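Numbering (the numbering used here), first residue to last: 196 to 330.
Next comes the structure, spelled out in structure tokens:
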């Protein structure tokens with residue numbers, strides 16, 4: 196019965212194909228975070244409670260993006276931004292990107308956007324952020 200309806204009306208076939216495509220696209224995109232980068236919504240999502248300054252926030256997220264591009268591990272990107280950059284992965288990324296000379300400046304930016312004093316780049320051991328950053 197269903198075959199007769201589909202073959203008799205091309206518009207029904209197009210409708211069915213459209214619905215299947217829509218269902219498949221929703222399944223694929225649901226595995227990604229649907230928040231635009233460097234927006235206030237992302238700022239809130241990663242639990243930043245400080246001041247939202249797009250320039251400062253974007254410079255911190257750029258470090259996480261560069262680190263993610265270096266390792267191609269989605270956990271690095273999410274982990275680097277976790278708790279508003281107050282984690283073990285962010286300083287490990289700063290180190291791996293050879294940005295040691297900017298640690299004081301970055302620490303101030305983390306404090307400004309997170310609203311919390313950053314732990315000034317604690318030693319990162321193998322059980323912390325470096326485990327995600329293995330070469």
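Just so you know, even glycine gets a beta-carbon here, dropped at the ideal spot from N, CA and C. Please read all numbers here as calculations on a predicted model, not as lab measurements.
Original post:
Could you give the distance in angstroms between the alpha-carbon of residue 311 and the alpha-carbon of residue 260?
Top reply: Here the question's residue 311 lines up with position 116 in the chain shown. Here the question's residue 260 lines up with position 65 in the chain shown. Between residue 311 and residue 260, the C-alpha separation is close to 22 Å.
Original post:
Can you give the Cα-Cα distance for residue 257 and residue 267, rounded to whole angstroms?
Top reply: For this step, residue 257 is matched to residue 62 along the chain shown. For this step, residue 267 is matched to residue 72 along the chain shown. Roughly 14 Å separates the two Cα atoms.
Original post:
Grouping DSSP H, G and I as helix and E and B as strand, with all else coil, what is residue 310?
Top reply: Position 115 of the chain shown, counted from the start, is the residue given in the question as residue 310. In this structure, residue 310 counts as coil in the three-state DSSP scheme.
Original post:
Can you give the Cα-Cα distance for residue 275 and residue 251, rounded to whole angstroms?
Top reply: To locate residue 275, count along the chain shown from 1; it is residue 80. To locate residue 251, count along the chain shown from 1; it is residue 56. So the two alpha carbons sit approximately 16 Å from each other.
**OP:** Compare the C-alpha of residue 306 against each of 245, 262, 264 and name the closest.
**Re:** For this step, residue 306 is matched to residue 111 along the chain shown. Minimum Cα distance to residue 306 is reached at 245.
Original post:
Which runs of the alpha helix (DSSP H), 4 residues or longer, sit entirely within the region 236 to 293?
Top reply: 249 to 266, 269 to 280, 284 to 291
Original post:
Can you tell which of 232, 231, 247 has the C-alpha that lies nearest to the C-alpha of residue 309?
Top reply: Taking the chain shown and counting its residues from 1, the one referred to as residue 309 is at position 114. Taking only the C-alpha atoms, the option nearest residue 309 is 247.
Original post:
Quick one, are the C-beta atoms of residue 298 and residue 286 less than 9 Å apart?
Top reply: Position 103 of the chain shown, counted from the start, is the residue given in the question as residue 298. Position 91 of the chain shown, counted from the start, is the residue given in the question as residue 286. Against a cut-off of 9 Å, the Cβ pair of residue 286 and residue 298 comes out as a contact.
Original post:
Near residue 240, what residues of its chain come up, given a Cβ to Cβ distance below 7 Å and the 5 sequence neighbours on each side ignored?
Top reply: One-based indexing of the chain shown puts residue 240 at position 45. Correct list, in chain order: 230.
**OP:** Can you give me the Cβ contacts of residue 265 inside the same chain, cut-off strictly under 7 Å, excluding the 5 residues immediately before and after it?
**Re:** Within the chain shown, the letter at position 70 stands for residue 265. Answer for residue 265: 291, listed in chain order.
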